[in-house]
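Colleague: My questions all concern the structure below.
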Ligand SMILES: C[S@@+](CC[C@H](N)C(=O)[O-])C[C@H]1O[C@@H](n2cnc3c(N)ncnc32)[C@H](O)[C@@H]1O
């Protein structure tokens with residue numbers, strides 16, 4: 046489906062509200078399945094156009110875009126980032142699933158998913174991320190990484206995927222200079238959702254991971270030190286997926302919300318240092334695109350405020366408070382949508 050007119054049905058935002066209670070129960074069934082899959086792992090590579098190309102010589106020539114990420118960031122990303130919501134994602138996969146991780150970064154979700162399903166493609170427009178993902182997977186035959194823009198995935202066939210994961214990507218689609226331009230954000234987002242609808246099989250699953258404005262305010266300590274000017278400027282980008290417009294967009298492309306989880310996971314895999322220390326570390330900062338959106342004065346305000354706060358408050362106590370916030374509000378939510386087939390639409 047190409048860019049369709051959005052319908053104007055009344056908002057169903059409550060459908061997208063995260064559950065108040067985050068999911069904390071261990072999924073033992075899932076772990077058993079995962080371990081079994083890790084021990085066997087037979088698969089048949091799916092027939093696709095990409096299949097004939099080698100892992101290192103892809104024919105996709107997406108121009109290097111003006112991403113918000115610095116070149117130094119790819120290697121740091123792996124050290125510091127943890128694959129958020131992985132249990133909730135794995136629940137949606139089957140051994141015969143063909144999966145696309147759209148905006149895969151260095152492939153941490155894709156690699157875990159490839160342990161339990163037939164084939165995983167990861168695409169990202171940042172070539173450094175793709176290079177890093179490829180280095181980690183050069184001996185795996187059922188995962189492939191491609192430098193491509195999720196707003197135009199013409200390299201893939203219609204109805205090729207059972208599951209598409211879009212994790213923390215939709216607010217990053219436009220170039221840094223356009224980040225406050227609501228119409229460009231919406232247009233890019235519509236292109237991405239339209240591509241997901243085209244690429245999914247009927248009844249396929251679209252898994253969206255997004256952070257609400259409330260989660261950003263509550264569960265991310267460092268965002269509280271962004272000055273008001275930055276919050277005002279970035280608000281429309283940060284609320285993009287919470288709008289009526291976004292709900293209508295999903296309905297227009299025949300997506301029906303089938304599950305919503307708010308895991309208590311963290312996006313970061315390190316806990317031992319003080320949150321103050323971490324939030325001033327340039328390597329850590331390089332893993333979050335939001336920092337690249339601050340101007341020089343705003344970034345100075347940020348570092349000054351963190352330093353001031355750290356002289357007045359106890360880092361250990363703050364870490365505990367943050368952990369509690371993360372468990373009650375969540376850093377992000379996992380929304381699972383099912384693509385209705387034509388018959389569903391008529392009924
Ligand atoms: C915050 S990271 C999230 C990465 C990963 N999905 C995760 O959850 O950890 C956003 C990623 O989206 C990628 N990205 C942004 N816009 C994109 C686009 N138009 N096409 C493909 N990837 C894009 C960035 O390069 C970056 O790797």
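Numbering (this note's numbering), first residue to last: 46 to 392. Don't be surprised by glycine CBs; every beta carbon is placed ideally from N, CA and C. As the structure is a prediction and not an experimental result, all values here were calculated from the model.
Counting only beta-carbon separations shorter than 7 Å, does residue 162 have a partner in chain B?
Modeller: This model lacks chain B altogether; it includes just one protein chain.
Colleague: So what does residue 192 bridge to, in DSSP terms?
Modeller: 169.
Colleague: Alpha carbon to alpha carbon, how far is residue 274 from residue 342?
Modeller: Between residue 274 and residue 342, the C-alpha separation is close to 10 Å.
Colleague: Go ahead and label residue 235 buried or exposed: buried means 16 or more other beta carbons lie within 10 angstroms of its beta carbon, across all protein chains shown.
Modeller: Residue 235 is buried by the Cβ-count criterion.
Colleague: Residues bridged to residue 255 by DSSP?
Modeller: Answer is 378.
Colleague: Does any heavy atom of ligand 1 sit closer than 6 Å to the C-beta of residue 163?
Modeller: Checking the Cβ of residue 163 against ligand 1 gives no.
Colleague: In the DSSP output, what is residue 305 paired with across the bridge?
Modeller: DSSP, once it has assigned bridges, lists 380 as partnering residue 305.
Colleague: Taking the Cβ atom as the reference point for each residue, do residue 178 and residue 152 lie within a distance shorter than 7 Å?
Modeller: Yes, the pair counts as a contact, with Cβ atoms nearer than the cut-off.
Colleague: Can you give me the start and stop residues for the beta strand (DSSP E) that residue 386 sits inside?
Modeller: Run containing residue 386: none; DSSP gives neither H nor E here.
Colleague: Would the segment 195-205 and the segment 151-165 be scored as touching if the rule is three or more Cβ pairs under 8 Å?
Modeller: The segment 195-205, when compared against the segment 151-165, does not touch it at the 8 Å Cβ threshold.
Colleague: Would you mind reading off the limits of the alpha helix (DSSP H) that contains residue 232?
Modeller: Residue 232 -> alpha helix (DSSP H) spans 227-244.
Colleague: Between the segment 347-360 and the segment 220-238, are three or more C-beta pairs nearer than 8 Å?
Modeller: No: fewer than three Cβ pairs fall under 8 Å.
Colleague: Check whether the Cβ of residue 335 sits closer than 6 Å to any heavy atom of ligand 1, and report yes or no.
Modeller: Checking every heavy atom of ligand 1 against the Cβ of residue 335, none is found closer than 6 Å.
Colleague: Does the segment 280-288 come close enough to the segment 216-232 that 3 or more CB-CB pairs lie under 8 Å?
Modeller: Enough Cβ pairs lie closer than 8 Å, so yes.
Colleague: Does at least one heavy atom of ligand 1 sit under 6 Å from the Cβ of residue 370?
Modeller: Every heavy atom of ligand 1 is 6 Å or more from the Cβ of residue 370, so no.
Colleague: With residue 143 as the anchor, note down where its beta strand (DSSP E) starts and where it stops.
Modeller: Per DSSP, residue 143 belongs to the beta strand (DSSP E) from 143-147.
Colleague: Tell me the DSSP bridge mates of residue 126?
Modeller: According to DSSP, residue 126 bridges with 313.
Colleague: Helix, strand or coil: how does DSSP classify residue 361 here?
Modeller: DSSP places residue 361 in helix when its eight states are reduced to three.
Colleague: Can you give me the start and stop residues for the alpha helix (DSSP H) that residue 291 sits inside?
Modeller: Looking at the DSSP string, the run of the alpha helix (DSSP H) that includes residue 291 is 289-297.
Colleague: Considering only residues of the same chain and omitting the five flanking positions on each side of residue 214, which have a CB-CB separation below 6 Å?
Modeller: Hits under 6 Å: 148.
Colleague: Can you tell me where the beta strand (DSSP E) holding residue 325 begins and where it ends?
Modeller: Residue 325 -> not in any beta strand (DSSP E); alpha helix (DSSP H) instead, spanning 320-325.
Colleague: Per DSSP, which residues does residue 250 bridge with? Please list them.
Modeller: Looking at the DSSP assignment, residue 250 forms a beta bridge with 208 and 383.
Colleague: How long is the line joining the alpha carbons of residue 130 and residue 328, rounded to whole angstroms?
Modeller: If you take the alpha carbons of residue 130 and residue 328, they lie about 23 Å apart.
Colleague: Taking only three categories from DSSP, how would you classify residue 267?
Modeller: Helix at residue 267.
Colleague: Please state whether DSSP places residue 164 in a helix, a strand or coil.
Modeller: Reduced to three states, the DSSP call for residue 164 is strand.
Colleague: Any idea what DSSP makes of residue 201, helix, strand or coil?
Modeller: It is coil, neither helix nor strand.
Colleague: Would you be able to state if there are at least three C-beta pairs under 8 Å between the segment 369-382 and the segment 262-276?
Modeller: The answer is yes - the segment 369-382 touches the segment 262-276, with three or more Cβ pairs under 8 Å.
Colleague: Taking 6 Å as the line, does the beta carbon of residue 159 fall inside it for any heavy atom of ligand 1?
Modeller: Outside the cutoff, so no.
Colleague: So, residue 255 versus residue 286, is the Cβ gap smaller than 7 Å?
Modeller: Yes, these two residues count as a Cβ contact at 7 Å.
Colleague: Taking only three categories from DSSP, how would you classify residue 373?
Modeller: Three-state DSSP puts residue 373 in a helix.
Colleague: Considering Cα atoms alone, identify which of 349, 325 and 164 is closest to residue 272.
Modeller: Answer by Cα proximity: 349.
Colleague: Just the Cα atoms here: how many angstroms apart are residue 324 and residue 217?
Modeller: About 21 Å.
Colleague: Residue 277 lies in the alpha helix (DSSP H); which residues open and close that run?
Modeller: Note, residue 277: alpha helix (DSSP H), 273-283.
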